[in-house]
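Beneath this line is the structure, given in structure tokens, with notes to follow.
Residue numbers (my numbering): 6 to 160.
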């Protein structure tokens, strides 16, 4: 094998190694980005409360994708196309209460990895719950609560 052929092969090997490093960096960056991106399903019948909660998450610096729906039926339909990391479930929904929807969400395979939180402006007693959510949050949500949820989801 001539010196020029050896040189060309070494140059090609170096180019391939550099390209592999670039690809490794791209994959690592994409995985880190995905690891810090959270999908949130917000089940809230009040548009103003939904906007307020969305704004609180947007102020945290966490990368979030929030899908807001107004009813339990819309939530079930949304789960066919959206896999949440966090579910915020209003207690006082029309047609079906959040406390009645909670057990169905917890049994749904698409929600098993999600942290499910009930949100309410009023007190909720243990007697009202068939199953326990991750936590019960008081409305209105604030930035610190939104940050805490993102941090807990990272664990």
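Using N, Cα and C, we set each Cβ at its ideal position, and we do this for glycine too. Owing to the predicted nature of the structure, the values given are computational and were not obtained by experimental measurement.
Alpha-carbon to alpha-carbon, residue j and residue i
i: residue 100; j: residue 140; result: 23 Å
i: residue 76; j: residue 84; result: 13 Å
i: residue 82; j: residue 74; result: 10 Å
i: residue 61; j: residue 15; result: 54 Å
i: residue 134; j: residue 104; result: 6 Å
i: residue 107; j: residue 115; result: 13 Å
i: residue 21; j: residue 28; result: 10 Å
i: residue 23; j: residue 42; result: 29 Å
i: residue 18; j: residue 68; result: 38 Å
i: residue 63; j: residue 80; result: 21 Å
i: residue 39; j: residue 56; result: Low confidence applies here, because residue 39 scores a pLDDT of 48, under 50, leaving its location unreliable; read the following figure in that light. Their Cα atoms are separated by approximately 24 Å.
i: residue 117; j: residue 13; result: 54 Å
i: residue 26; j: residue 156; result: 30 Å
Beta carbon of residue i nearer than 7 Å to that of residue j
i: residue 113; j: residue 49; result: no
i: residue 129; j: residue 142; result: no
i: residue 97; j: residue 70; result: no
i: residue 46; j: residue 72; result: yes
i: residue 65; j: residue 144; result: no
i: residue 1; j: residue 111; result: Past the boundaries of the shown model lies residue 1; the chain is included only from 6 to 160, so the question cannot be answered.
i: residue 89; j: residue 119; result: yes
i: residue 91; j: residue 158; result: yes
i: residue 58; j: residue 154; result: no
Residue i, DSSP secondary structure in three states
i: residue 72; result: strand
i: residue 62; result: helix
i: residue 56; result: helix
i: residue 129; result: coil
i: residue 10; result: helix
Buried or exposed (CB count within 10 angstroms, at least 16 for buried), residue i
i: residue 150; result: buried
i: residue 11; result: exposed
i: residue 121; result: buried
i: residue 54; result: buried
i: residue 126; result: exposed
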